[in-house]
Every structure is written in structure tokens, then in C-alpha cells.
Amino acid sequence: MGLVVDVVKHTCRSSGDDEMWHGMNQSLAIAASDHDEGSLQAARGFMTAFDMPKLNTFGQAFRNYDAESERQAGVEAFYRQNHIQQTFSFVQQMRSKHLQLNKTVMSIWDCCELLNQFVDESDPDLDEPQIEHLLQTAEAIRKDHPDEDWFHLTGLIHDLGKVLLHPTFGAEPQYSVVGDTFPVGCGFDPAIVHAEYFRDNPDSQNVLYNSKLGIYKEGCGLDNVMMSWGHDEYMYQVMKSNNTTLPPQALFIVRYHSFYSLHRSGAYAHLLNDSDHQMLPWLKEFNKYDLYSKSKVRADVEKLKPYYLSLIHKYFPNELHW
Numbered sequence: 036m037g038l039v040v041d042v043v044k045h046t047c048r049s050s051g052d053d054e055m056w057h058g059m060n061q062s063l064a065i066a067a068s069d070h071d072e073g074s075l076q077a078a079r080g081f082m083t084a085f086d087m088p089k090l091n092t093f094g095q096a097f098r099n100y101d102a103e104s105e106r107q108a109g110v111e112a113f114y115r116q117n118h119i120q121q122t123f124s125f126v127q128q129m130r131s132k133h134l135q136l137n138k139t140v141m142s143i144w145d146c147c148e149l150l151n152q153f154v155d156e157s158d159p160d161l162d163e164p165q166i167e168h169l170l171q172t173a174e175a176i177r178k179d180h181p182d183e184d185w186f187h188l189t190g191l192i193h194d195l196g197k198v199l200l201h202p203t204f205g206a207e208p209q210y211s212v213v214g215d216t217f218p219v220g221c222g223f224d225p226a227i228v229h230a231e232y233f234r235d236n237p238d239s240q241n242v243l244y245n246s247k248l249g250i251y252k253e254g255c256g257l258d259n260v261m262m263s264w265g266h267d268e269y270m271y272q273v274m275k276s277n278n279t280t281l282p283p284q285a286l287f288i289v290r291y292h293s294f295y296s297l298h299r300s301g302a303y304a305h306l307l308n309d310s311d312h313q314m315l316p317w318l319k320e321f322n323k324y325d326l327y328s329k330s331k332v333r334a335d336v337e338k339l340k341p342y343y344l345s346l347i348h349k350y351f352p353n354e355l356h357w
């Protein structure tokens, strides 16, 4: 049977557009029930001109954690450490350590340049310095969403929390900064990449934490769920504490963009509330640019810098507490 949906324009600029979001969610539900990806895109109102590549920079499918490549062994070793170390107690310790935001004061662009020193060990698709990925993501979004400047800036800043790797922030090990994120305080879902390594995580043996709901209630909302510690949560807290004027969609994207088991596999959906469901289409839209923009085509940093500086000035104070 043919699918009839309303094409909902994606110009929600504040959390107050409840009527628009209600219509979008109805269309999304219809599209999902028909398993029609094209109609699902139409229901979201997201049109794409960005040419998504089929293969990553190593000639493999994206997020293929079993493919033999020069990155495979290191990525797998990373996830083993990540899954063993990321306990509920560990996350509490890291939040206490870093969320006082007393490490340094610097601008958003200075933070972008600081990331030039680092390559994400958890990423099987890219071995370029981080500022390349940030600009590639932002420019891919800009191509498809020219009027949503907040979305362009979200692409630029989404990974800035990786400055936790820098000595100024204690040179945290990569397993506590990068990689896919997931809830702690409840059972680890098999959809998480390399979930087999959770068998050695102490929380897997803790009856308080190893059930489906653990310490949470169904529909409690992600804002009430403790996520594994990493750059997502850190950057979200930096944005929030420094009074960014970016819309709620941007904060949600930054906070959960590495929560792949949710937005790629539907895991942990039982924890979401209505607000999370409303934000999820934006997170999924962002994901394709974050993932598929990874390329060996270098970004012209100096050419792009004035535009992104103007957006930073629009949505952030000149200097932020980190």
C-alpha cells in the first residue's frame, strides 16, 4: 500500500514548537511502520544533497568493526578497555573530576585548534586530526541545511570534548574520552559495539545494575540516565554551563551523538520520554554527516575559519570555562 505522509519542514528553532513536532512524530510513525526509508526522510522534512560515500578512508564499509584494516586491532583493544573500565562508579568519579569546569578558559576556536594533535583510537573509519573531521562534518551539514546555521556550528563543535585528552585536562586515556557511549546503571545491550567485553565489567555482576532497567524506570528520560563518560557529556556540560544560545536540538545532538546503539539499533528506547522522541530525528539526521563525511579530502581551514568564527560569536561568549 502506498505511503501518505505530511512533509514537515524542519525549521524548529526552539523547544516550544510542540505542534510541529507532534505532526512530525505522527509522520515518522507511519513511515517506520511501512519500512520505507525514502518516506521516512520525507516525513522528517530532511532533503539531502550531500553525496554520502559507500566506503571509508580505508576502503571498508563504515563502522565495520570486524573488517581487516590497519585500524582494526587498535580499535578492538580500545573497546576492550572502554567496556571494562566504564562502570557506574567510574562515571561518577569522572563527572566529579571534570564538571567543575576549572581547568582553563579559552574560546571555541582555540579548542578546535587544540584538537589538531589527536586521532581518535576508537574510530575504524578515520585517522585524520580531529579538526579535519569537525570541518568536514560542518560543511556537509551546511550543504544540505544552508539556512540552519546552528546546525552547521553543531557539526563543528560536536567533538570538542575530546580536549580531555590534552595535558591541560589531565591527559585522560582514550577509553574515558572517545568511543560509542551507553547507559551505565542498567544492563549492557548486545547492540553496543564489541559488547562481548562487558563480561569483564564489574557492573555486569552487580544485581543493582545488570537488569534491563537497573536503577531506572521505564520512560524516565535520557536526562535522568547516567551515560558512560566521554567527550559527549563533557561538551554538553560545557555548553550548558557557559550559557550557549544554541537551540535544544544542538545540545541533544552533542550529548548523544555517540549513543549509536540507540540511534542506529533502537536499543534503550524503553528509557526515552516524549522529549527524547521529539529530538531523535535531529540526532539521526546529524549522524549521517558525522559518519559519512569522513574523507581524505582536506578542509581548507583558513578559508572556512571566518564563517565559523561568525557563528561562534553568535551563539557563544568570547571565552568559555572548561
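When you read off a place in the sequence shown, starting at 1, and then add 35, the result is the number in the working numbering. The beta-carbon is built from N, C-alpha and C at its ideal position, and this holds for glycine as well. Computed from a prediction, not measured in an experiment: that's the story for all the values here.
- Here G196 is buried. Its C-beta has 16 or more other C-beta atoms within 10 Å.
- Note on A175: 16 or more other CB atoms within 10 angstroms of its CB, so buried under the neighbour-count rule.
- Looking from the CA of T189, the closest CA among A304, D335, A302 and F287 belongs to F287.
- For P283, the enclosing alpha helix (DSSP H) starts and ends at P283 to Y291.
- Residue state for H180 is assigned as coil, using DSSP reduced to three classes.
- DSSP places F125 inside the alpha helix (DSSP H), whose first and last residues are F123 to H133.
- If the five residues before and after T122 are omitted, its C-beta is found closer than 7 Å to the C-beta atoms of V219, N236, P237 and D238, all from its own chain and listed in chain order.
- Between the alpha carbons of L307 and L257 lies a distance of about 6 Å.
- A direct Cα-Cα distance of roughly 45 Å separates A334 from S246.
- With three or more CB-CB distances shorter than 8 Å, the stretch 129–143 counts as touching the stretch 267–280.
- When the five nearest sequence neighbours on each side are left out, the beta carbons in the same chain lying within less than 6 Å of the beta carbon of Q120 are those of Y210, in order along the chain.
- Using a 10 angstroms sphere on the CB of N353, the tally of other CB atoms stays under 16, which defines it as exposed.
- Here M261 really is in contact with V126; their C-beta atoms are around 6 Å apart, less than 8 Å.
- Looking at the backbone, the Cα of G205 and that of D179 are separated by about 38 Å.
- In this structure, DSSP gives P352 a state outside helix and strand, which the three-state scheme calls coil.
- Taking 8 Å as the upper bound for CB-CB distance, G301 and G265 are not in contact here, some 21 Å apart.
- The beta carbon of V289 sits closer than 6 Å to the beta carbons of H193, M270 and Y271 from its chain, once the five residues preceding and following it are set aside; these are given in chain order.
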